[in-house]
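Engineer: For the sequence shown, the positions run 589 to 892 when my numbering is used. Glycine included, every Cβ here is placed at the ideal spot set by N, Cα and C.
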Amino acid sequence: MNHFLRTLDEKIIHEYRGKYTGDGYYFGIDRNIFFSILGLLLAISSLIFVLYRISNNRLKIDLKKEKNEKEKTDQMLNWFTSLLEDIPVGLVLTNKSGKKIISNRQYRKYQEKYNIDSKEYKDDDSTKTFNANGAYLTYRTVPFLHPNDGRSGYLTIWTDVTSLEEQKMALIESNQIANTALSARSKFTAMITHELRTPIAGIIGLLEVVETKSHKSEDFQSIILSLKASAKELNQHVDEILDISKSESGEMTLDLHSCSLVSELDSITKQYRVICAKSNIDFKVNFNPTQWYMHTQTLRVSDK
């Protein structure tokens, strides 16, 4: 190389030196194309950055929303759990083998106090009463199926009905006492009415004897007839007292037949005439004789 350079004169070397020295820069590609590509890359990078920020903000919003929803769900779950704990009936969820899954405070109280075993109560879907050392509990077991994982088991609901059972037994006892008293009253009424009918029948018989054998005066006969009518009326009242079914039901049936209105009213006025005479009251009734008859019960005509 040195030998080659010695053959060149200084002028030629100076010319070549001028060609390869200077302040200019030369690129492998066109300068405009290079800056266009660079700008495009910067624009794409900016777009990617903007999209990343938007996606990141959306993700933050979604995460915040999900967090709020989770907090609401947790609050609702806590409220529902508290509600189950404070509900005044016993609730217990068990699997098919009877193992307890979840229960509330009232059930745990029953279980501790009355030694309840949830395995003994199978799917029956009917309400039954359980006697636990003098206390009365009702329970009902129904099946359930979890909507997500398909787990199945039983829900048993327990209720303390001791006060209701005590009221029921007290009502039965009071009803028995009332029935006993009613039966005793009926027997007493029947006995008294039978005892009353005997002397009444004797009075009527004696009045009939007196009527036929002595004292043929008109006034005396009128008195005898009034006494007989009163005795017969009293006997009819006794007959009604004897009819216990009518007395207890409050229904009075009428024994209807034809009777003379004048005769029935005359017997009533005679009774009042005697009462007024004792009080020195002048009692008079004026009416015209009539052949009118009415279809009624004579005992009801004389009722005051």
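Alpha carbon to alpha carbon, how far is Phe-637 from Leu-628? Give it in angstroms, no decimals.
Structural biologist: Computed Cα separation, rounded: 14 Å.
Engineer: Within 10 angstroms of the Cβ of Val-680, are there 16 or more other Cβ atoms? Answer buried if so, exposed if not.
Structural biologist: It counts as buried.
Engineer: If we count the other Cβ atoms within 10 Å of its Cβ and call it buried at 16 or more, is Thr-729 buried or exposed?
Structural biologist: Result: buried.
Engineer: Under three-state DSSP, which class holds Asn-719?
Structural biologist: Strand at Asn-719.
Engineer: Using alpha carbons as the reference points, say which of Asn-763, His-734 and Leu-752 lies closest to Gly-722.
Structural biologist: Considering only alpha carbons, the answer is Leu-752.
Engineer: Taking Gly-627 as part of the alpha helix (DSSP H), name the residues at either end of that continuous run.
Structural biologist: Residues 619-674.
Engineer: How would you call Asn-645, buried or exposed, if buried means at least 16 neighbouring beta carbons within 10 angstroms?
Structural biologist: Exposed, because fewer than 16 other Cβ atoms sit within 10 Å of the Cβ of Asn-645.
Engineer: With the cut-off set at 7 Å, would you say Leu-725 and Phe-718 are in Cβ contact?
Structural biologist: In contact: Leu-725 and Phe-718 (Cβ atoms closer than 7 Å).
Engineer: Give every residue of the same chain whose Cβ lies closer than 7 Å to the Cβ of Glu-761, excluding the five residues on either side of it in the sequence, and list them in chain order.
Structural biologist: Around Glu-761: no qualifying Cβ.
Engineer: At a cut-off of 6 Å, is Thr-682 close to the ligand COA when judged by its beta-carbon and the heavy atoms of the ligand?
Structural biologist: For the structure depicted, the ligand COA is absent and the ligand set is empty, with no information on it obtainable.
Engineer: Determine the burial state of Ser-867: buried for a count of at least 16 other Cβ atoms within 10 Å of its Cβ, exposed for fewer.
Structural biologist: Burial call: exposed.
Engineer: With DSSP as the reference, identify every bridge partner of Ile-745, one or two as the case may be.
Structural biologist: Beta-bridge pairing links Ile-745 to Leu-679 and Arg-728.
Engineer: For a test of the three-state rule: what should DSSP assign to Lys-756, helix, strand or coil?
Structural biologist: Reduced to three states, the DSSP call for Lys-756 is helix.
Engineer: Residue range of the beta strand (DSSP E) that Lys-688 falls in?
Structural biologist: Where Lys-688 is concerned, the enclosing beta strand (DSSP E) stretches over 688-691.
Engineer: Which term fits Tyr-614, buried or exposed, when burial requires 16 or more other beta carbons within 10 angstroms of its beta carbon?
Structural biologist: At Tyr-614, the pLDDT of 49 sits below 50, so the modelled position is not reliable; the number obtained from the coordinates is stated separately. Counting Cβ neighbours within 10 Å, Tyr-614 comes out exposed, since fewer than 16 surround it.
Engineer: Rounded to the nearest angstrom, how far is the Cβ of Tyr-727 from that of Lys-716, given a contact under 8 Å?
Structural biologist: Between Lys-716 and Tyr-727 the Cβ distance is about 6 Å, and since that is below 8 Å, they are a contact.
Engineer: Looking at Leu-844 and Ile-788, is the spacing between their C-beta atoms short of 7 Å?
Structural biologist: Contact flag unset, no.
Engineer: Give the range of the beta strand (DSSP E) segment to which His-883 is assigned.
Structural biologist: Here the beta strand (DSSP E) through His-883 covers 881-884.
Engineer: How far does the beta strand (DSSP E) with His-845 in it extend, from its first residue to its last?
Structural biologist: Start and end: 845-848.
Engineer: Give me the Cα-Cα distance between Ile-642 and Glu-659, rounded to the nearest whole angstrom.
Structural biologist: Taking the straight line joining both Cα atoms gives about 25 Å.
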